[in-house]
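Residue numbers for the sequence shown follow my numbering, beginning at 655 and rising by one. All C-beta atoms in this analysis are idealised placements derived from N, C-alpha and C, irrespective of residue type, glycine included.
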Amino acid sequence: MNHDASTSACPTASPPTSDLRYVQYDGAREDEYVSAMRQLISKDLSEPYSIYVYRYFLYQWGNLCFMAMDDSRPEDPMVGVVVSKLEPHRSGPLRGYIAMLAVREDYRGRGIATKLVRMAIDAMIELNADEIALETEITNTAAIKLYERLGFLRSKRLHRYYLNGNSAYRLVLYLKEGVGSIRTADPYAVHADARPEMAGPILAPPPALLHGNGGGVI
Ligand SMILES: CC(C)(COP(=O)(O)OP(=O)(O)OC[C@H]1O[C@@H](n2cnc3c(N)ncnc32)[C@H](O)[C@@H]1OP(=O)(O)O)[C@@H](O)C(=O)NCCC(=O)NCCS
């Protein structure tokens, strides 16, 4: 998750957030929701994601996308969003992945992101997730603090992970005892019975779209 640091300053205005409504993504309202979340998320990116990135996540894991809505601004109610997915990681643990998280600048610092991430975590736990991972820019102190307070641990530093040259931390939340030591398939291993010309990764690499934004996924 890469963000444009120039847009992350704390706001001075402070709209009330007591009556926010938190909702799960609904495919029947795709046009309305996706255009609002693109607008919200693209504010913090150096380059906006294509519509296909959103569709990749929302068509398969719309149940893991949650939004915060402020109905006092009916013309533009979406003030926060989290987009996630859940699938086996290299034939090993069932891994959730938080792909995008953003809160409108003038609504930050009041627990909205924490609530959204908790909703995503709870939904993944319901689906028997073993662990949840994400990447965040090493300079994104707000995000790192938020996730560490929720129990995420730094598992790797990814040198120059983003296309803009910035490095990232991979953060992981282990949901079950012993999950951190579950074996995963080695993507560089060669099957013992494979013919040499068939040798190669066991699994397809992660979709390029996850890292193709001049910043990876936010
Ligand atoms: C990161 C982001 C989602 C946080 O949203 P938020 O609603 O303000 O977060 P919360 O109010 O739930 O804050 C949770 C914790 O994060 C930390 N935090 C939030 N804003 C912070 C800031 N500006 N500086 C340092 N820590 C901050 C605090 O520890 C806070 O807990 P506290 O208020 O008890 O101290 C928001 O700043 C944002 O949209 N940033 C741009 C996009 C982005 O960076 N997304 C994440 C990519 S990994």
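Inter-residue spacing [alpha-carbon to alpha-carbon] between residue 861 and residue 764: Low per-residue confidence applies at residue 861: pLDDT is 41, beneath 50, and the placement is therefore not dependable, though the value from the model is reported in the following sentence. Rounded to the nearest angstrom, the two C-alpha atoms are 34 Å apart.
Which residues in the same chain have their Cβ closer than 6 Å to the Cβ of residue 845, if we skip the five residues on either side of it in sequence? Because residue 845 carries a pLDDT of 47, less than 50, the predicted location of this residue cannot be relied on, and no value is offered for it.
Got a sec? Which residues, its chain only, sit under 7 Å from residue 777 by beta carbon, not counting five neighbours each side? Closer than 7 Å at Cβ, skipping near neighbours: 717 and 718.
Through-space distance from residue 753 to residue 799, alpha-carbon basis: So the two alpha carbons sit approximately 17 Å from each other.
Cβ-heavy atom distance, residue 810 to ligand 1, below 7 Å: Result no, Cβ not under 7 Å from ligand 1.
How far does the alpha helix (DSSP H) with residue 688 in it extend, from its first residue to its last? Segment 684 to 696, the alpha helix (DSSP H) holding residue 688.
Evaluate the contact criterion for the segment 797 to 812 versus the segment 820 to 827: three or more CB pairs, one atom per stretch, below 8 Å. Yes: the two stretches touch, three or more of their Cβ pairs being nearer than 8 Å.
Same chain, Cβ closer than 7 Å to residue 694, neighbours up to 5 away in sequence not counted: Leaving aside the five residues that flank residue 694 on each side, the residues in its chain whose CB is nearer than 7 Å to its CB run, in chain order, 732, 735, 756 and 758.
For ligand 1, is there any heavy atom lying closer than 7 Å to the beta carbon of residue 763? For residue 763, the CB falls within less than 7 Å of some heavy atom of ligand 1.
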